[in-house]
Amino acid sequence: MFSLIICSNDPAKLAAVENMYRATFGDHSWELIGIPDAKSLAEGYNRGVARSTGDILIFSHDDVEILGPDFPARLTSHLSHFDLLGIAGARQLINAAWASIGPPEIFGQVVHLLRDGRFSVDIFGTPTPAVSKIQALDGVFMAARRSLLERIRFDAETFDHFHLYDIDFSYQAYHAGFKIGVANDINLLHHSQGNFDENWQRYAERFDQKWRGHYTPRYGPSARCCRVTVNSRAQALKIMTPSYWSD
100 MFSLIICSND
110 PAKLAAVENM
120 YRATFGDHSW
130 ELIGIPDAKS
140 LAEGYNRGVA
150 RSTGDILIFS
160 HDDVEILGPD
170 FPARLTSHLS
180 HFDLLGIAGA
190 RQLINAAWAS
200 IGPPEIFGQV
210 VHLLRDGRFS
220 VDIFGTPTPA
230 VSKIQALDGV
240 FMAARRSLLE
250 RIRFDAETFD
260 HFHLYDIDFS
270 YQAYHAGFKI
280 GVANDINLLH
290 HSQGNFDENW
300 QRYAERFDQK
310 WRGHYTPRYG
320 PSARCCRVTV
330 NSRAQALKIM
340 TPSYWSD
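Numbers in our numbering are just positions in the sequence shown, counted from 1, shifted up by 99.
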């Protein structure tokens with residue numbers, strides 16, 4: 100049983116992503132828990148967890164598409180080895196921006212829809228099917244075993260807006276001894292990109308204060324292994340296939 104938790108105040112977006120996931124889940128048992136009035140993503144996700152009944156809990160943005168096949172089977176397989184899973188993250192955290200440390204400590208891949216209708220594929224590390232020993236995950240998509248949520252909650256007091264809830268949650272899980280992974284065979288299209296504005300910086304300072312002493316903050320530009328621009332979802336999916344790089 101999968102519990103899909105989505106915070107969205109846009110009924111059209113919620114309906115579209117619900118239809119996408121319905122097609123993706125197929126005959127598998129799942130439930131959608133939509134939170135239309137979240138005070139923050141941390142608060143909304145905690146409320147969704149309290150309402151959920153599934154063995155696997157998924158936290159997803161409302162503007163994504165799953166591109167590859169066999170999503171439920173791949174997710175279930177990965178969560179037989181990991182307690183928490185994402186599609187991008189870092190093995191070492193040096194500040195509130197998970198990708199700041201750059202290669203070879205960042206992993207994952209994601210497609211973004213560009214304004215001209217083309218697709219940008221960001222590859223953060225060698226796309227083996229799964230990467231272990233992750234410390235922090237990007238929150239565009241995360242999935243966890245229920246056993247983790249019985250011990251870890253999103254920090255809605257410190258992160259009472261829409262930034263850093265994800266890095267803090269995954270970093271909590273890492274320090275609690277849970278196994279965290281990045282899946283490169285769950286291929287995701289994100290219709291928007293991150294906004295590192297003044298609000299983000301304010302919550303980054305909160306993150307640094309909360310975790311002071313657990314890492315030595317240093318700063319630099321976020322990096323990736325490569326970025327490829329293509330014309331179709333099919334081309335993007337081909338590039339994101341681990342066998343594409345090994346061939």
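All C-beta atoms, glycine included, are put in the ideal place defined by N, C-alpha and C.
Check	Outcome
Buried or exposed by the 16-neighbour rule on C-beta atoms within 10 Å, applied to A137	buried
Host beta strand (DSSP E) of G207 (start-end)	I205 to L212
Coil, strand or helix - T227 by DSSP	coil
Endpoints, the beta strand (DSSP E) within which S219 is located	F218 to I222
Which listed residue (S159, R305, H260 and L183) has its alpha carbon closest to that of E249	L183
Cβ-based neighbour list, A195, same chain, cut-off 7 Å, excluding 5 preceding and 5 following	L263, I266, A303, F306 and D307
Range covered by the beta strand (DSSP E) that runs through H274	Here H274 belongs to no beta strand (DSSP E); instead the alpha helix (DSSP H) covers Y264 to H274.
Which of helix, strand or coil DSSP assigns to R244	strand
Cβ pair P202, G224 closer than 9 Å	yes
Start-end ranges of the beta strand (DSSP E) lying completely within the segment 160-199, minimum 3 residues	163-165, 183-185 and 187-189
Contact set for A149: own chain, Cβ-Cβ below 8 Å, skip 5 residues either direction	none
Candidates F261, H290, E142 and I157, of which the one nearest R243 by Cα	As written in the sequence, residue 243 is Ala, which differs from the Arg given in the question. Checking every option, the nearest Cα to that of A243 belongs to I157.
Cα-Cα separation between E164 and Y273, rounded to whole angstroms	27 Å
Assigned exposure category for S151 - 16 Cβ within 10 Å defines buried	buried
E130: first and last residue of the uninterrupted beta strand (DSSP E) it sits in	W129 to I134
Presumed contact (8 Å Cβ cut-off) between N286 and M241, rounded CB distance	Not a contact, Cβ separation roughly 16 Å.
Host beta strand (DSSP E) of A255 (start-end)	Taken as a continuous stretch (DSSP letters only), A255 belongs to no beta strand (DSSP E), as it is neither H nor E.
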